[in-house]
Amino acid sequence: MLSWDAKVNGDIYKLPGGNLAGSVGTEYRRESTDYEPDYALQQGLIGPYNVSQQLHAVRDSMAGFGELLVPITGNDFKVPGFNSFSASAALRYEDYSDVGDTGVKPRVSFKWQPINEEWTIRGSWAQGFIAPGFFDLYQDPSQDFVEIYDPSNKSRYQPENAVLTIGNPALEPTKSETWMIGTTVEPKFLKGFSANFDYYRIQQDGIPFESAQYIVNQWYNAGGYGNPANPYGGNATPSGANPLGSQVDYDTSTGLITQIRNVGPVNTGARLTDGIDFGMSQKLETSFGTWILSGQATRILTFSQENFPGAGSVDYLGKFWGPGAVLDNTSFPEWRANVTLEWDWKRFKACVAWNYVNGYEEDTTQQDFAAEDSNIRSIEAYNTFDVRVGYKIPWVEADLMIGANNVFDEAPPVVLSSFENNYDRRVADLRGRMLWVSLTKEF
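Heads up, the sequence shown is in our numbering, so the first residue is 644 and it goes up one at a time.
Here is the structure:
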């Protein structure tokens, strides 16, 4: 990636509540990808005999943005209940050479201190975007021998002629809206204490969606082989229901799906997630050093996704989704947390941390928790502890640090439906206890 940017910012005018400030700028980026798998991979000569094609792509993008901060109360102008109140507004526009422009995306926010600096309330609303990646846009036909569940005969197998994946040059950027409201409390009568509480809500639309299993499910729901006009059948043409056309080939003599082709992303996914972030910290100064006890936790309240309009929303929260799911080999625990105790005295420092991910469920039959014979199994919570100690070496003023991650060598909880390795790589580490040492010198 090659990029340049230019920005001007600073105070514009002094108001009774503080300084009116602003910023304007522009950016340019050139992104390129050159992916060249070797001959054996391109010809499918290496097990499990999936074919990987080369990809060469480039695009340019230009962006412009501006932001304005307006202090309404504060400094020389205060009113009851509004010791300090400020608002900001920002705009951003970006144009891509391959997927077009994103439109003007706004963000507005406020910061409010009703009484004094001990209590702050903040909030924001913003629109955003994510441009599709090069592989989603331009991938040449590649084959993958993935396992699918065939609801027509209730069996699981790999189509003998593979799953053929492609890119979709017609993809557009994913759009989003984000809301946040939160507060921070730092009371003077509790010296060194701070607590925060934040609620967030994110809605995304136009998410690129691609799944061989979903295509099979839609093909089956539309009548399978018994429907000659099936929009997901082997002779189908592109339609509103299926923009990519011909997909599922079925062999009537064996009763098996032989190939799924044109498996490519389309801008049909919609996702909603919201949650709460908690944080608390207490700093204590003593004759034997400074102690800081802090903790953070996140509670996800919702994580749901609809892949096609009318397909129904899938609740991902509190579950592990195995191979075949849209968000496959991925878990969505409801709770995550960590607590740390830090100590700093003269040239010494130390820290111990507790990391926690709560348990969730899996469908060991890999049928997305939806089939009558789905076997639902509980997965244990995952707890690990990290420690580190350090010393600033005199004369050279370098920091020596020694530590251990997962000091008790906690094994990852068993996840039977995980692809290849029977554990959840997103939340757990198969390596167990890790010892490390570092030496840092700043100049």
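Beta carbons are placed, not taken as given, at the ideal position from N, Cα and C, and that holds for glycine.
- Between the stretch 866–885 and the stretch 972–991, the count of C-beta pairs closer than 8 Å stays below three; the two stretches do not touch.
- In the structure shown, residue 883 falls within a coil segment according to DSSP collapsed to helix, strand and coil.
- Cβ contact annotation for residue 744 (same chain, cutoff 6 Å, sequence separation greater than five): 738, in chain order.
- Annotation: residue 730 to residue 754 spans about 6 Å, alpha carbon to alpha carbon.
- Bridge pairing for residue 1084: absent [DSSP].
- For the 8 Å CB-CB criterion, residue 1022 and residue 1002 form a contact.
- The way I'd put it, the stretch 857–866 doesn't touch the stretch 761–771; fewer than three beta-carbon pairs between them come closer than 8 Å.
- Excluding its 5 nearest sequence neighbours in each direction, residue 674 has C-beta neighbours in its own chain below 6 Å: 644, 702, listed in chain order.
- A straight line joining the alpha-carbon of residue 646 with that of residue 707 spans about 14 Å.
- A residue is called buried when at least 16 other Cβ atoms come within 10 angstroms of its Cβ; residue 1006 meets this threshold and is buried.
- In the DSSP annotation of this structure, the continuous segment of the beta strand (DSSP E) that includes residue 845 starts and ends at 836–852.
- Here DSSP, grouped into helix, strand and coil, assigns residue 654 to strand.
- The closest CA to that of residue 1069, considering only 1079, 1077, 802, 1058, is found on 1058.
- Taking a contact as a CB-CB distance under 8 Å, the pair residue 786 and residue 693 counts as one, their CB atoms being some 6 Å apart.
- When C-alpha distances from residue 662 are compared across 697, 728, 649, the shortest belongs to 728.
- Look at the stretch 676–715 and you find these whole runs of alpha helix (DSSP H), each 4 residues long or longer: 682–685.
- Three or more Cβ pairs closer than 8 Å define a contact, and the stretch 851–858 falls short of that threshold against the stretch 915–933.
- In the three-state reduction of the DSSP assignment, residue 764 falls in the strand class, which pools E and B.
- The DSSP-derived three-state label of residue 1070 is coil.
- Spatial neighbours of residue 1064 in its own chain (CB-CB distance under 8 Å, excluding positions within 5 residues in sequence) are listed in chain order as 1073.
- The bridge partners DSSP lists for residue 731 are 712, 752.
- Your pair residue 912 and residue 852 checks out as a contact, with CB atoms roughly 4 Å apart and the cut at 8 Å.
- DSSP places residue 747 within a strand segment (E or B) once states are collapsed to three.
- The beta carbon of residue 825 sits closer than 8 Å to those of 764, 765, 766, 839, 840, 841, 842, 920, all from its chain and outside the five residues before and after it, given in chain order.
- Checking the DSSP bridge columns, you'll see residue 1027 partnered with 998.
- According to the DSSP assignment, residue 855 belongs to the alpha helix (DSSP H) that extends over 855–864.
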